[in-house]
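Number of protein chains: 2
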Amino acid sequence: MNSLDQFPKSRADVVSMLRDSGITPTHQRIKIGEVLFSCKQHLSAEQVLVAVNQEDEEVSKATVYNTLGVFAQHGLISEVIVDPSKVFYDSNLSKHHHLYYSDTGELEDLTDESVEISKLPELPNDLQIEDVDVIIRVHRN
Amino acid sequence: MNSLDQFPKSRADVVSMLRDSGITPTHQRIKIGEVLFSCKQHLSAEQVLVAVNQEDEEVSKATVYNTLGVFAQHGLISEVIVDPSKVFYDSNLSKHHHLYYSDTGELEDLTDESVEISKLPELPNDLQIEDVDVIIRVHRN
DNA sequence: TTGGGTGCAAACTATTTGCATTCGA
DNA sequence: TCGAATGCAAATAGTTTGCACCCAA
Chain A
200 MNSLDQFPKS
210 RADVVSMLRD
220 SGITPTHQRI
230 KIGEVLFSCK
240 QHLSAEQVLV
250 AVNQEDEEVS
260 KATVYNTLGV
270 FAQHGLISEV
280 IVDPSKVFYD
290 SNLSKHHHLY
300 YSDTGELEDL
310 TDESVEISKL
320 PELPNDLQIE
330 DVDVIIRVHR
340 N
Chain B
200 MNSLDQFPKS
210 RADVVSMLRD
220 SGITPTHQRI
230 KIGEVLFSCK
240 QHLSAEQVLV
250 AVNQEDEEVS
260 KATVYNTLGV
270 FAQHGLISEV
280 IVDPSKVFYD
290 SNLSKHHHLY
300 YSDTGELEDL
310 TDESVEISKL
320 PELPNDLQIE
330 DVDVIIRVHR
340 N
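Protein sequences, first through last, are from chains A and B. Residues are numbered in the numbering used here as their position in the first sequence, beginning at 1, plus a constant of 199. Residues are numbered in the numbering used here as their position in the second sequence, beginning at 1, plus a constant of 199.
Dropping the structure here:
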């Protein structure tokens with residue numbers, strides 16, 4: 200396991216990640232990367248915007264959306280679609296599933312091993328499976 | 200199996216369903232119910248709006264959203280959250296999963312038997328599981 | 001009759017887009 | 001330098017809300 204598989208990442212690691220993915224490492228993208236890749240987490244675009252501009256006003260809303268889109272396209276983060284009102288961006292790159300608290304909107308990771316799918320349907324072979332998402336929706340009593 | 204478990208449903212069946220759920224069967228709700236419960240399908244709010252007003256302008260957009268919310272709360276339909284841009288309402292009440300074509304936005308049912316989950320994580324017992332969603336995201340070659 | 005249901009328009013929120021400006025390589 | 005990236009503001013889309021009116025029971 201090399202340093203790029205670990206959290207948290209230094210600024211230099213973020214720059215490497217971006218370069219490795221063919222993404223030009225600009226100030227804004229690096230800043231956003233530092234926020235996202237500091238630990239495994241789920242953030243909405245709005246949360247990223249706030250976190251990134253904590254100290255100074257550095258990144259615009261449009262750029263946050265843009266950048267999240269670029270990162271997702273390159274597989275650096277994944278979109279988690281569980282809440283009808285917004286998309287979460289997940290910096291946990293390992294295979295895993297989600298536990299969603301529908302009352303509070305919280306999202307938690309479930310390790311890949313904690314869920315086992317023993318059977319999937321046969322699909323026409325012109326179909327590529329991108330992902331098999333398992334979402335357990337729960338609420339507190 | 201009684202008639203209410205089957206598709207398509209007559210106007211009278213829709214009225215019964217609504218009454219059984221404690222929902223006042225108004226003109227608009229019945230109309231929306233007739234559209235939704237005519238067969239197993241996935242419709243967005245927009246599609247319901249169009250279908251309902253096919254012949255005459257009968258139901259407003261706000262009422263469609265309202266009514267879909269009421270139906271979902273009472274378990275007559277379920278919300279399917281797979282597309283970041285909109286919610287689908289599913290009139291298929293039997294347990295099942297979904298196949299989502301991320302390129303076209305199409306949504307297909309997978310029968311419950313076609314997917315088998317052999318292991319779920321242990322959850323604190325103050326948590327109620329509402330649902331376990333499996334979504335297979337695919338795209339064509 | 002009368003309180004819940006509806007229609008409408010306006011408000012809101014998340015996200016996208018167009019275009020002039022700026023900046024990384 | 002120079003094309004790619006950014007910022008901004010305005011546009012868009014889906015959804016929600018407030019309120020006066022209406023109708024099912």
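For each residue, glycine too, the CB sits at the ideal point set by N, CA and C. Since the model is a prediction, treat every value here as computed from it, not as a measurement.
Proximity test, residue i beta-carbon vs the ligand ADP heavy atom, cut-off 6 Å
i, result
"A:L326", "This structure lacks the ligand ADP; in fact it carries no ligand of any kind."
Chain B contact for residue i (CB, 7 Å cutoff)
i, result
"A:P283", "yes"
"A:L309", "yes"
"A:V333", "yes"
C-alpha distance - residue i paired with residue j, whole-angstrom precision
i, j, result
"A:D255", "A:I276", "25 Å"
"A:R228", "A:R210", "11 Å"
"B:Q327", "B:E245", "32 Å"
"A:H297", "B:Y288", "22 Å"
"B:I316", "A:L322", "18 Å"
"B:E171", "B:A271", "The shown model of chain B, from 200 to 340, leaves out residue 171 of chain B, and the question about it has no answer."
"B:I280", "A:R336", "12 Å"
"A:L242", "B:E307", "29 Å"
"A:A250", "B:E329", "32 Å"
"A:T223", "A:K294", "27 Å"
Residue range of the unbroken beta strand (DSSP E) whose run includes residue i
i, result
"B:V286", "285-289"
"A:E307", "306-310"
"B:E256", "First-last for B:E256: undefined, no H or E at that position."
Chain A residues whose Cβ lies nearer than 7 Å to that of residue i
i, result
"B:N291", "None at all; the shortest Cβ gap to chain A is about 16 Å."
Interface flag, residue i vs chain A, CB-CB below 7 Å
i, result
"B:E315", "yes"
"B:I280", "yes"
"B:N201", "Note on B:N201: pLDDT 45, under 50, position unreliable in the model; no value is reported."
"B:L242", "no"
"B:L326", "yes"
Contact set between residue i and chain B, taken where Cβ atoms lie within less than 9 Å
i, result
"A:R228", "Simply none; closest approach about 21 Å."
"A:K318", "E312, S313, V314, E315, I316, S317"
Per-residue contacts from residue i into chain A (C-beta, under 9 Å)
i, result
"B:S237", "Correct list: empty, because the minimum Cβ distance to chain A is about 24 Å."
Closer than 7 Å at the beta carbon, the chain B residues around residue i
i, result
"A:E329", "S301, R336, V337, H338"
"A:L267", "Per Cβ cutoff of 7 Å: no residues; A:L267 is ~12 Å from chain B at best."
"A:L275", "By Cβ distance, chain B contributes nothing, its closest Cβ being about 18 Å from A:L275, past 7 Å."
For residue i, the first and last residue of its enclosing alpha helix (DSSP H)
i, result
"B:K318", "Per DSSP, B:K318 belongs to no alpha helix (DSSP H); it is in the beta strand (DSSP E), 315-318."
"A:T262", "260-272"
"B:L235", "226-235"
Interface partners of residue i on chain B, CB under 8 Å
i, result
"A:V286", "P283"
Checklist entry - Taking any Cβ of chain A, which residues in the region 210-224 of chain B have a Cβ under 7 Å from it, in chain order? => result none
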